[in-house]
Amino acid sequence: MGLNYYTRCCVRFEGSGPSAVLGRSCKLEHHRDGGPRSSIGWEVYPRGLAGVLQRYSAMGLPLFITENGIATGDDELRCRFLRDHVEVLAKALDEGLNVLGYLHWSLLDNFEWNMGTGPRFGLAEVDYSSQQRTARKSAELFARICRTNGNSIVSAQGM
């Protein structure tokens with residue numbers, strides 16, 4: 001089963017009865033704790049990935065993380081995001097969860113269907129005027145994680 005995970009969504013009731021719930025009197029938030037956020041306001045919340053993996057593992061199907069990434073111009077934050085989420089994935093594997101693979105979103109800065117070229121998700125920066133691509137430090141980190149099958153996460157803490 002393919003899973004996309006970027007952040008958690010917190011829903012808060014703001015109404016006063018069943019009609020209020022049906023009338024959409026709930027508020028959706030992409031952040032709660034005041035921790036780091038992406039450039040589009042999404043909370044960095046790796047623990048949520050652990051919950052998603054546990055929940056869907058109960059279905060008995062192999063899992064594959066098909067999208068996981070952060071929109072940010074701060075590549076140090078992207079490196080932390082990547083390390084923290086891959087650590088959660090490694091722990092899930094140690095616990096025996098059947099996770100077959102992980103794809104980082106995205107290799108390149110791209111066109112997001114609802115936000116255009118503003119969000120920068122890429123491991124490589126794209127200069128949209130020249131189309132030149134430049135690997136970010138996070139691309140080096142991801143390459144090292146891939147080469148070592150995730151075993152370099154601890155040694156990557158300084159990256």
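Per the numbering used here, the very first residue in the sequence shown carries number 1; after that it's consecutive.
Quick reminder that beta carbons are idealized off the backbone N, C-alpha and C, glycines included.
Query: Inter-residue spacing [alpha-carbon to alpha-carbon] between Arg37 and Val44; Result: 5 Å
Query: Identity of the residue in Leu49, Gly35 and Ile40 nearest Arg8 by Cα; Result: Leu49
Query: Beta strand (DSSP E) runs wholly inside the region 111-150, at least 3 long, in chain order; Result: 124-126 and 133-135
Query: For Leu53 and Arg47, the rounded distance between their alpha carbons; Result: 10 Å
Query: Own chain partners of Arg80 with C-beta closer than 8 Å, once the 5 adjacent residues on each side are dropped; Result: Pro36 and Val44
Query: Sheet register partners of Asn4 (DSSP bridge); Result: Glu67
Query: Assumed close pair Asn68, His85 - CB separation to whole angstroms, cut-off 8 Å; Result: 6 Å
Query: Given Met59 as reference, the closest of Tyr6, Arg144 and Met1 once Cα atoms are compared; Result: Met1
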